[in-house]
Amino acid sequence: MSATLEKGINAFKRQIDSSVASFFSSCVHCGLCAEACLFYTETGDPKRTPINKTEPLRRIWKSEYTLFGRVGKMLGLTKKVDDKLLEEWQELVYDSCTLCGRCSMVCPVGNDIALMIRKTREGMAAAGQAPEGLIGATNRSVTIGSPMGVKWPALRAQIRHVEEDSGLKIPVDVEDVEYMLLLSSMEIMNFPEFIEAVAKIFDKAGVTWTISSEAFEATNSGIQIGVSDIAAELVQRIVDVADKLRVKTVISPECGHAYMAIRWDGPNLVGKPFNFKVRHILEVMDELRQQDRLKVATKESQKLTYHDPCQISRRGGVIDEPRRLIDMISDDFVEMPDGGKMNWCCGAGGGVSANERADEIRLKVFERKKAQLDEVKPDAIISACSNCRIHLEDGLEEYNMEIPLLSLTETIAEHLAED
Amino acid sequence: MTEIELLSWARGPGLQIATVIFVAGVVIRIFEIFMLGRKANLAEAKGGEMSGGLKTMITRTIPDRTTFKRSSVTIVSGYIFHIGLFIVCFLSAPHILFLKDIIGFGWPSLPTPVIDAFAVVTIIAMLATLVNRLTNKVMRYLTNFEDLLTWFITFLPLVTGYLAFHRIGMTAPTLLAVHILSVELLLIIFPFTKLMHAFTLFIARWYNGAISGYRGVAS
């Protein structure tokens with residue numbers, strides 16, 4: 003066995019706990035998870051059935067953690083995990099799964115299949131079986147601080163533009179404030195309007211906040227590729243700065259997996275609870291709304307629908323907040339079929355968008371989103387994840403659909419009451 | 372060995388051996404799962420782990436609308452055969468009497484014609500699950516030897532029970548002996564196959580509901 007493969011197998015082993023063991027013990031091969039997965043429904047390829055993507059992890063569980071499997075292993079009867087298997091599974095584990103977790107909601111025996119696939123990635127990555135695109139993004143995150151290679155001078159330049167455009171001061175490295183805002187590279191480079199929107203909302207609400215020049219990146223490639231050590235290091239950078247600045251709450255921006263990384267995985271990755279709270283920008287705005295500190299003067303006149311980013315809604319628990327916020331600015335809101343916790347993924351999460359090899363299938367599975375949109379026929383789509391947003395725009399263009407995409411934070415900012 | 376000797380072996384030592392393997396096997400399998408442990412969640416909770424887990428243990432029995440529409444054959448045939456199997460197993464008078472002998476107490480049974488009808492329906496539903504397994508693209512891809520073996524060994528007691536009840540083909544003691552032996556076979560392979568899901572699905576559902584519930588999502 004090669005050293006890398008051994009590393010991979012040890013990483014698989016570290017992923018097995020009582021939840022995983024109960025999941026594998028319960029699977030009856032009913033195939034229901036396939037019908038919950040857009041990578042199956044839109045390709046019709048049975049090997050993309052969610053539970054099948056966990057096969058390498060299953061083999062390790064079976065041969066190492068069950069009595070029967072251990073006996074089988076001694077007799078040489080169990081199926082082995084080797085480089086060939088992992089090579090073959092790369093495309094299933096990384097290119098054909100966004101970790102959206104819809105399968106986890108329908109499995110009749112209750113398997114959290116998305117979690118099992120996430121864990122499978124840990125072994126795959128350790129065995130050197132991750133896609134080039136994700137390896138590149140992860141390396142840039144570690145060395146530069148951003149998967150897209152965005153450094154502080156780039157953000158500083160964007161902040162200056164925003165300050166000139168809005169006439170508002172963007173606080174940087176301020177201590178003892180209520181909130182510290184994180185950003186995704188995507189927002190910094192493609193949607194700096196987001197920073198302006200937050201600045202306007204916070205200015206009107208009178209909250210104290212800051213952006214850190216040392217740790218501003220919210221995304222976490224370590225989570226997507228499945229390397230917990232790197233994921234932990236990226237989280238720790240934020241923790242150190244938040245503690246240094248003594249902020250009360252760290253805000254995750256409009257990015258799905260960033261929220262998962264810092265809100266739900268973060269403390270578990272670094273091994274201790276945070277000294278601060280973590281909230282998604284939607285939760286922060288909803289809190290301000292409740293406190294009467296977020297008021298709008300006007301409304302959207304067009305028919306709106308909301309695309310639930312998987313890691314924010316189904317996997318993150320922020321489902322009602324965006325709906326209450328949209329209610330403030332719209333009288334013509336229509337839910338997509340399956341909207342809310344059962345919404346269909348856009349097709350680009352979980353590192354799929356950072357993996358060029360998956361470009362074709364990413365656009366193919368967009369047909370599921372297209373079918374949802376065809377039923378609703380909205381004038382515009384609102385969402386709260388810049389990765390979803392970029393991909394939705396891509397997909398809409400691919401299928402010749404002209405529906406504008408709006409950020410919920412930016413749209414709220416446009417309708418703010420003057421005083 | 373005469374047929375009476377076969378029947379008494381099946382009812383006596385045979386059943387004891389099978390029961391010991393079944394109980395010990397199930398206990399070992401469940402112990403194997405819990406022994407692995409699971410790290411406590413250090414993130415600030417948005418909802419309850421225990422309440423979410425308990426809720427999903429029950430709610431996951433009902434599929435969501437879209438899933439039902441997309442997989443209706445699998446769901447309907449699965450439902451009928453599970454419910455039918457439960458009724459035929461635990462609500463038929465001879466079974467209750469048999470169990471009363473062992474555990475010391477009984478419960479009301481359903482009328483014989485009702486049980487008989489359920490047996491036929493369950494046999495048909497099980498045949499439907501097999502056809503579905505062999506024709507549905509996804510299920511065919513996932514199916515391995517164990518899936519077919521467990522199907523067959525679950526099907527056997529149903530058919531042998533039906534034949535024994537109607538005394539078809541052989542003498543009554545032989546039919547009964549074959550029926551009991553088929554149940555013993557089921558008990559023996561149970562802990563080592565996916566039949567374990569009958570127990571572990573509640574653990575799995577609890578974890579699923581707990582993971583989601585902690586984040587404030589009802590799964």
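Protein sequences appear in the order of chains A and B. According to our numbering, numbering within the first sequence proceeds without interruption in unit steps and concludes at 421. According to our numbering, numbering within the second sequence proceeds without interruption in unit steps and concludes at 590. Ideal Cβ placement from N, Cα and C applies to all residues, glycine included.
The Cβ atoms of E555 (chain B) and G396 (chain B) do not sit closer than 9 Å to each other. In the DSSP assignment, Y181 (chain A) forms a beta bridge with A:W211 and A:T251. Of the candidates A:E358, A:M287, A:G353 and A:E362, A:M287 places its Cα closest to the Cα of R325 (chain A).
In the DSSP annotation of this structure, T307 (chain A) is not part of any alpha helix (DSSP H); the continuous beta strand (DSSP E) holding it starts and ends at L306 to Y308. The C-beta distance from A199 (chain A) to E412 (chain A) rounds to 4 Å, short enough to meet the 8 Å contact threshold. The C-beta of M406 (chain B) has fewer than 16 other C-beta atoms within 10 Å across all chains shown, which makes the residue exposed. Of all residues in the stretch 33-66 of chain A, only G33, L34, A36, E37, A38, Y42, T43, G46, P48, K49, T51, I53 and N54 place a beta-carbon less than 8 Å from a beta-carbon of chain B. Within the stretch 335-350 of chain A, those residues whose Cβ lies closer than 7 Å to any Cβ of chain B are, in chain order, D340, K343 and M344.
Per DSSP, reduced to three states, the secondary structure at I560 (chain B) is helical. Residue contact with chain B for N277 (chain A): absent (no Cβ-Cβ distance below 9 Å to any residue of chain B). Chain order gives the chain B residues near T68 (chain A) as E403, where near means a beta carbon separation below 7 Å. When only Cα atoms are considered, R364 (chain A) and V485 (chain B) end up about 53 Å apart. When Cβ-Cβ separations below 9 Å define contact, S315 (chain A) makes contact with chain B. Straight through space, the alpha carbons of I383 (chain A) and D334 (chain A) are spaced by roughly 12 Å. Here the alpha carbon of L410 (chain A) sits roughly 40 Å from the alpha carbon of T445 (chain B). Around N270 (chain A), the beta-carbon contacts reaching into chain B at under 8 Å are K410, N412, L413 and A414. Nearest CB-CB separation between L558 (chain B) and chain A: not below the 9 Å threshold. Residue-level contact by beta carbon fails for V237 (chain A) and chain B, as no gap is shorter than 9 Å. Contact residues of the stretch 435-466 of chain B toward chain A are D435, T437, T438, R441, S442, T445, I446 and G449 (C-beta to C-beta distance below 8 Å). For L408 (chain A), the enclosing beta strand (DSSP E) starts and ends at L407 to S409. For D396 (chain A), none of the residues of chain B pass the 9 Å Cβ criterion, the least Cβ distance being about 25 Å.
The three-state secondary structure of F278 (chain A), taken from DSSP, is coil.
Per DSSP, A389 (chain B) is one residue of the alpha helix (DSSP H) stretching across L386 to M406.
Membership of S379 (chain B) in the alpha helix (DSSP H) is indicated by the continuous run E374 to W380. Annotation: Cβ neighbours of L117 (chain A) in chain B (cutoff 8 Å, chain order): I582.
Not flagged as an interface residue toward chain B: N192 (chain A), since no C-beta distance is shorter than 9 Å.
Taking all protein chains in view, the Cβ of A543 (chain B) is surrounded by fewer than 16 other Cβ atoms within 10 Å, so the residue is classified as exposed. Residues G33, C35, A36, C39 and Y42 of the same chain have their beta carbon placed closer than 8 Å to that of T51 (chain A), with the five preceding and five following residues left out of the count. Spanning the alpha carbons of L481 (chain B) and D322 (chain A) requires a straight line of approximately 47 Å. A414 (chain B) is positioned such that its CB atom lies no closer than 9 Å to that of S21 (chain A). In its chain, beyond the 5 residues on either side, I146 and G147 have a beta carbon closer than 8 Å to the beta carbon of K153 (chain A). V367 (chain A) is positioned such that its CB atom lies no closer than 9 Å to that of G341 (chain A). Here G10 (chain A) is actually not in contact with A132 (chain A); their C-beta atoms are around 10 Å apart, not less than 8 Å. Looking at A:K206, A:N54, A:K279 and A:R265, the one whose alpha-carbon comes closest to that of S315 (chain A) is A:R265.
Short of 7 Å from the beta carbon of M428 (chain B), and not among the five residues preceding or following it, lie these beta carbons of its own chain, in chain order: F573, R576, W577 and G580. Here I190 (chain A) has V152, A156, L157 and Q160 as same chain residues with Cβ atoms under 7 Å from its own Cβ, once five neighbours each way along the sequence are excluded.
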